[in-house]
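Below is one structure; the comments refer to it alone.
In our numbering, the protein residues as written are 1 to 159.
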């Protein structure tokens, strides 16, 4: 499937890497495919990307992070931690990785069963959702959520 890009996003960002760490769980999608999706997200959005670290874990691990960094109790499906916001924002952004994404495989499996999707499709959607958050996208209202969902679908279907 050919993906149309805006004129401003004709620059190709293809030299960023994805680093995957598996904590008690395995990723259902190859790191090469995820890296292609990540770079496609940079191209489609026209936003400068960067290297990303992905941690694939269980509900216990992500619940601890969710409580510590978000102040929320219990596991969630995906967390994103930008290296280009907050205290790091004054540093040379080009020298910094884009950030970290953490995905709970337990939640991926629950959502796949709940929505009748495959585990790899749910995983891809959550990964790209995390990438878009690292690029500055949010879903604080219906319009933002619709835009993120549309972008996520375009990117996932483009690989």
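Where a beta carbon is used, it is the ideal one built from N, C-alpha and C, also for glycine.
This structure is a prediction, so every number in the text was calculated from the model and none was measured.
- Task: Pick helix, strand or coil for residue 73, following the three-state DSSP scheme.
- Result: coil
- Write down every uninterrupted run of the alpha helix (DSSP H) in the region 37 to 82 whose length is 4 residues or greater and which is fully enclosed by it, in chain order. 59 to 65
- Less than 8 Å separating the beta-carbons of residue 104 and residue 52? no
- Go through its chain and collect everything with a Cβ distance to residue 21's Cβ below 8 Å, but skip five positions before and after it. 53, 54, 55 and 56
- Can you tell me which of 97, 76 and 83 puts its alpha carbon nearest to the alpha carbon of residue 126? 76
- Quick one, are the C-beta atoms of residue 129 and residue 157 less than 8 Å apart? no
- Message: Here's the rule I'm using: 16 or more other beta-carbon atoms within 10 Å means buried, otherwise exposed. How should residue 49 be labelled?
- Response: buried
- State buried or exposed for residue 10, treating a residue as buried only when at least 16 other CB atoms are found within 10 Å of its CB. Residue placement at residue 10 cannot be trusted, given a pLDDT of 45 that sits under 50; what the coordinates show is reported in the next sentence. It counts as exposed.
- Item | For residue 20, the first and last residue of its enclosing alpha helix (DSSP H) | Where residue 20 is concerned, there is no enclosing alpha helix (DSSP H), although the beta strand (DSSP E) it sits in stretches over 18 to 22.
- N-terminal and C-terminal residue of the beta strand (DSSP E) that residue 99 is part of: 99 to 104
- Quick one: is residue 99 buried, meaning 16 or more other Cβ sit within 10 Å of its Cβ, or exposed? buried
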